[in-house]
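In what follows, a single structure is set out as structure tokens and then discussed.
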Amino acid sequence: MTVEIPVEKWPGQVREITLGATADEGGTRSHTVTVGGETTLPFLHFEGEIPHPPVVGIEIASRRPDDWSPLLLETWSDVVDDPAAWAKAAEEAGADILLLTLSLEDSVDDATSAVRQVLEACDLPLIVFGPGQADKDNELIVPVAEEGAGERLVLGVCEEKNYRTIVAAALAHDHLVNSRTPMDVNLAKQLIILIHDMGLPLEQILMDPTTGALGYGIEYGYSVMERLRLAALQGDSMTQQPMLVTPGEEAWKAKEAKVGDDVPAEWGDWGERAINWETLTATSLIQSGADLVVLRHPETVQRVQKTIDALMAEAGEPELVAA
Amino acid sequence: MALSGLEIYKLLPRTNCGDCDFPTCLAFAMKLAAKQAELADCPYVTDEAKVELEAASQPPVRLITLSSNGHKVEAGNETVLFRHEKRFFHKCGLFVRVKDTDDLEAVKNVASEVDGFTVDYVGLDLELDGMAVEAASGDPDTFAECVEAVRSATEKPLILIGSDPDVLKAGVASLTAKASGTVPLLYGATPENWESMAALAKKADVPLGVRPGGGLEELAELTEQVKGAGVQNIVLDPAARDFAGTLTRMTQMRRLALKKNFRPLGYPIITFPGEGAEGPEEEVVLASQHIAKYGGFIVLDHFSQASAYPLLVFRENVFTDPQEPIQVEPGLYEINDPTPDSPVMITTNFSITYFSVANEVESAGVPGWLIVADAEGMSVLTAWAAGEFDADRIAKSVNATGVADKIDHQKLVIPGHVAVLSGELEEELPGWDILVGPREAVDLPAFLKLGNE
Ligand code: B12
Ligand code: SF4
Numbered sequence: 046m047t048v049e050i051p052v053e054k055w056p057g058q059v060r061e062i063t064l065g066a067t068a069d070e071g072g073t074r075s076h077t078v079t080v081g082g083e084t085t086l087p088f089l090h091f092e093g094e095i096p097h098p099p100v101v102g103i104e105i106a107s108r109r110p111d112d113w114s115p116l117l118l119e120t121w122s123d124v125v126d127d128p129a130a131w132a133k134a135a136e137e138a139g140a141d142i143l144l145l146t147l148s149l150e151d152s153v154d155d156a157t158s159a160v161r162q163v164l165e166a167c168d169l170p171l172i173v174f175g176p177g178q179a180d181k182d183n184e185l186i187v188p189v190a191e192e193g194a195g196e197r198l199v200l201g202v203c204e205e206k207n208y209r210t211i212v213a214a215a216l217a218h219d220h221l222v223n224s225r226t227p228m229d230v231n232l233a234k235q236l237i238i239l240i241h242d243m244g245l246p247l248e249q250i251l252m253d254p255t256t257g258a259l260g261y262g263i264e265y266g267y268s269v270m271e272r273l274r275l276a277a278l279q280g281d282s283m284t285q286q287p288m289l290v291t292p293g294e295e296a297w298k299a300k301e302a303k304v305g306d307d308v309p310a311e312w313g314d315w316g317e318r319a320i321n322w323e324t325l326t327a328t329s330l331i332q333s334g335a336d337l338v339v340l341r342h343p344e345t346v347q348r349v350q351k352t353i354d355a356l357m358a359e360a361g362e363p364e365l366v367a368a
Numbered sequence: 423m424a425l426s427g428l429e430i431y432k433l434l435p436r437t438n439c440g441d442c443d444f445p446t447c448l449a450f451a452m453k454l455a456a457k458q459a460e461l462a463d464c465p466y467v468t469d470e471a472k473v474e475l476e477a478a479s480q481p482p483v484r485l486i487t488l489s490s491n492g493h494k495v496e497a498g499n500e501t502v503l504f505r506h507e508k509r510f511f512h513k514c515g516l517f518v519r520v521k522d523t524d525d526l527e528a529v530k531n532v533a534s535e536v537d538g539f540t541v542d543y544v545g546l547d548l549e550l551d552g553m554a555v556e557a558a559s560g561d562p563d564t565f566a567e568c569v570e571a572v573r574s575a576t577e578k579p580l581i582l583i584g585s586d587p588d589v590l591k592a593g594v595a596s597l598t599a600k601a602s603g604t605v606p607l608l609y610g611a612t613p614e615n616w617e618s619m620a621a622l623a624k625k626a627d628v629p630l631g632v633r634p635g636g637g638l639e640e641l642a643e644l645t646e647q648v649k650g651a652g653v654q655n656i657v658l659d660p661a662a663r664d665f666a667g668t669l670t671r672m673t674q675m676r677r678l679a680l681k682k683n684f685r686p687l688g689y690p691i692i693t694f695p696g697e698g699a700e701g702p703e704e705e706v707v708l709a710s711q712h713i714a715k716y717g718g719f720i721v722l723d724h725f726s727q728a729s730a731y732p733l734l735v736f737r738e739n740v741f742t743d744p745q746e747p748i749q750v751e752p753g754l755y756e757i758n759d760p761t762p763d764s765p766v767m768i769t770t771n772f773s774i775t776y777f778s779v780a781n782e783v784e785s786a787g788v789p790g791w792l793i794v795a796d797a798e799g800m801s802v803l804t805a806w807a808a809g810e811f812d813a814d815r816i817a818k819s820v821n822a823t824g825v826a827d828k829i830d831h832q833k834l835v836i837p838g839h840v841a842v843l844s845g846e847l848e849e850e851l852p853g854w855d856i857l858v859g860p861r862e863a864v865d866l867p868a869f870l871k872l873g874n875e
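Listed in order, the protein sequences are those of chains A and B.
Take 46 as the starting number for the first sequence in the working numbering and just add one per residue.
Take 423 as the starting number for the second sequence in the working numbering and just add one per residue.
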């Protein structure tokens, strides 16, 4: 019997975007990281090209993030008080890139010096996010853009409320931005258009469709990303940006990951549950199209990278079950 | 794939005799297509047309049901590749495997752990579906004994795994002798043993898993053979085990079934993530891939609460209806027998939101009145952003519940995330004090306790 396997002929392709800059390119990174370029749905190697595997980032903070789960604070231990040491530890833990989150309490000097220290301490391309409040993000990210001139940083959080300021900063110093919208295909598209209209090349815009954690709305994020990726492959140009999401932040907000005491016994061992929570949140988003996931726990990083390696291995002949 | 009214019309006698109580054959065909009439109402359809029409009305992925003692697991009947296109309908079954070469006591322990595992997620009791028992010993009596040991610990559905039909037969016999209505899955038929396996499945009237020696061609051939031998209820093994291989194969199988209406692969898929993973940590990840990407029955090799819980939640999330958020009834909820001086709080009717608040207050043992506003099933911030949880709505909900008559104070605690509403709310609810609560529900008990002092 012949079986004709349906293969989709996708007219579209995800854009290739490069983060970071080496000395030759005006920065100080030892290497750059490129994402995107897919011509098929995630990991369907029989149908198209997946030139770059999804990359895994680790989130670090400019000062000790006291609202993080004690499990995370214990794991990273002393380095959480020192962004440079943390950056080094994260690089050793296997991160492909770093995300530095600034704090509401940071002054401009605090922010720029944290960025400087992190750049000096490690070789990885860097994303810098403000604390996530539009005004404060604007206040901190503009000087950060100047401090990191030449490094091709990713600047954020670039949302509808403040994209003009963040994009202007990216334009002035040749950086990238994350275009973040709340889990909606049309909003995602619109913001990309607005940012692009300001003159920032599409090669400098990552699409950040927002996500929820496992059990807390992941299905919305998952489906919006599948729809965005399908639109990209169908040729809708303004959805062809590689996707960046932050499953680490979301998963560690969930009670299942965050706390160990006073929870139902059926939830099982805290450490294992928490890592599973973050891992499944991240891997399912990778399966729905994420090109870049930012995580918080080093063990999750290992597991997610292993999963990516396994998914990038071209599907060969099946391993058969021993009789 | 369902036929159109016109396609059905071509298969009818086209005499317009009216015996079906429709004026014309075409009118009857249209009703058939809309599933508002029964084919049996036309006495003149030919047998060939009947066969063709019935085949066309079959779902592209056949529904397979395993059952025992009132428990049931159904897989199949899926109609889309992506959940946003409509929804995924039948939650894949999650099973845990033991082998008949394992120590019997250990087997029983695993089975009762799996059996007893229930975890509450937004008011739903999530559970695993059953056990898989593998005949690794090759000995009929040993296998039967192991099946009985599992059965003594759980009444849930079973999958019986083995390659020797005589051995599996002993397991089936020990099961079906005890309880009628028990339908296990037999796994599996291979190119070598399919004839006797199919005979066994047919005789016991149970579904049969098939495992090819190679790719999808071999798999399709094997299902046709098994079907030819009289077994209708079939479950497919993609034969791949690894991450990339299962994703590829299972996607191709689902596409063939849905887009090409390719009958030989129009059945649910069984997977064994433990065989493609390096350890329990990786097995969870691969199992979650199989949940999202087209698994029908998933057989795990490890059970632990800390991995079963996230998997069950993931399955719940993937299989919810994207059109309809899981909601709770709006209204006034009493937590821990509140009294007139207990605090009054307000939240939205999105299940996840309601339960994260209610569970915190309840487990802290603090009595309270919780008003659940009708916010179209949205979370606090989503509802606020969508205009479904504004001062006007909140005031209406507070008044509609009549909570004012049950309390001797007029204080309302609102979620910290919507602190901006407090001024407006004081205007909408004259006489009430609006207290801004913490942002996260975890901090609510401490906040309430402080207010009591
Ligand atoms: C899932 C989600 C959606 C889903 C909806 C899910 C649902 N059924 O609600 C979808 C994709 C449909 C959606 C849509 C939109 N969303 Co939305 N969405 C989210 C997301 C990712 C998670 C929300 C969630 O489920 N949280 C979990 C629940 C449990 O949280 P919660 O309800 O707030 O409850 C917690 C606390 O508030 C507290 N609490 C609850 N009740 C009470 C009561 C008291 C007394 C106290 C003290 C505490 C308390 O306890 C809970 C646990 O801590 C958030 C971003 C994020 N990561 O948080 C954005 C977010 C809420 N969405 C946002 C927006 C803007 C929208 C849209 C308006 C976008 C648009 N224009 O289309 C639409 C609106 C919907 C519409 N028009 O129909 C914004 C809101 C921005 C703002 N601050 O105003 C957010 C914050 C994203 C962002 N950063 O921009 N969204
Ligand atoms: S009974 Fe049959 S043949 Fe007669 S009108 Fe109805 S469909 Fe046509």
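Glycine included, every Cβ here is placed at the ideal spot set by N, Cα and C.
- Under the three-state reduction of DSSP output, His90(A) falls in the coil class, being neither helix nor strand.
- Among the residues of chain B, none has a CB under 9 angstroms from the CB of His218(A); the nearest is roughly 32 angstroms distant.
- Each of Gly139(A), Glu317(A) and Tyr261(A) was checked against the Cα of Leu169(A), and the nearest Cα belongs to Gly139(A).
- Distance from the CA of Leu259(A) to the CA of Leu516(B), rounded to the nearest whole angstrom, comes to 18 angstroms.
- Listed by position along chain B, the residues whose Cβ is nearer than 8 angstroms to that of Ile50(A) are Leu638, Gln674, Arg677 and Leu678.
- For Val706(B), at least one C-beta of chain A is nearer than 7 angstroms to its own C-beta.
- Remark: the shortest separation between the CB of Phe684(B) and any heavy atom of ligand 1 does not fall under 6 angstroms.
- In this structure, Pro292(A) sits away from Gly81(A), with a CB-CB distance that is not shorter than 7 angstroms.
- Judged by their CB atoms, Ile353(A) and Pro99(A) are nearer to each other than the 7 angstroms cut-off.
- Sequence-distant Cβ neighbours of Glu846(B) in its own chain, meaning closer than 7 angstroms and more than five residues away, are Ala813.
- Going by DSSP, Arg209(A) is part of the alpha helix (DSSP H) stretching over Tyr208 to His218.
- Listed along chain B is no residue with a C-beta nearer than 9 angstroms to that of Glu150(A); the closest approach is about 17 angstroms.
- Distance from the Cα of Gly603(B) is smallest, within the candidate group Val544(B), Pro686(B) and Ser490(B), for Ser490(B).
- By the rule that beta-carbons nearer than 7 angstroms mark a contact, Asn321(A) touches chain B.
- Taking C-beta separations shorter than 6 angstroms and ignoring five residues to either side along the sequence, the partners of Leu425(B) in its chain run Ala478, following chain order.
- The residue from Pro445(B), Gly631(B), Arg436(B) and Gly538(B) with its alpha-carbon nearest to that of Ala310(A) is Gly538(B).
- Beta-carbon to beta-carbon, Ile172(A) and Ile142(A) are separated by about 7 angstroms, close enough to satisfy the 8 angstroms threshold.
- Only buried fits Ala166(A), as 16 or more other CB atoms lie within 10 angstroms of its CB.
- Within the chosen limit of 6 angstroms, ligand 1 reaches the beta carbon of His839(B) through at least one heavy atom.
- Val349(A) sits close to Val101(A), with the two beta carbons spaced by under 7 angstroms.
- Sequence-distant Cβ neighbours of Gln749(B) in its own chain, meaning closer than 8 angstroms and more than five residues away, are Asn771, Phe772, Ser773 and Gly799.
- For Phe91(A), the nearest CB of chain B lies under 7 angstroms from its own CB, placing it at the interface with that chain.
- In the three-state reduction of the DSSP assignment, Thr324(A) falls in the helix class, which pools H, G and I.
- When the Cα atoms are used, Ala276(A) and Asn531(B) turn out to be separated by approximately 49 angstroms.
- Taking a C-beta distance under 7 angstroms as the contact criterion, Phe736(B) and Leu356(A) do not qualify as a contact pair.
- At least one C-beta of chain A is nearer than 7 angstroms to the C-beta of Ser729(B).
- Pairing Leu278(A) with Glu94(A), the inter-Cα distance amounts to about 12 angstroms.
- Residue environment analysis places Gly71(A) among the exposed positions, since fewer than 16 neighbouring C-beta atoms fall within 10 angstroms of its C-beta.
- Taking a contact as a CB-CB distance under 8 angstroms, the pair Ala699(B) and Leu687(B) does not count as one, their CB atoms being some 25 angstroms apart.
- Under the three-pair Cβ rule at 8 angstroms, the region 554-566 of chain B does not count as touching the region 466-481 of chain B.
- In its chain, beyond the 5 residues on either side, Gly838 have a beta carbon closer than 8 angstroms to the beta carbon of Glu862(B).
- Glu549(B) sits in a strand when the DSSP states are folded into three classes.
- With a beta-carbon spacing of about 36 angstroms, Pro732(B) and Arg197(A) fall beyond the 8 angstroms limit used to define contacts.
- For Tyr261(A), the nearest CB of chain B lies under 7 angstroms from its own CB, placing it at the interface with that chain.
- Under the three-state reduction of DSSP output, Arg272(A) falls in the helix class.
- Taking 7 angstroms as the threshold, the shortest C-beta distance from Ser726(B) to chain A falls below it.
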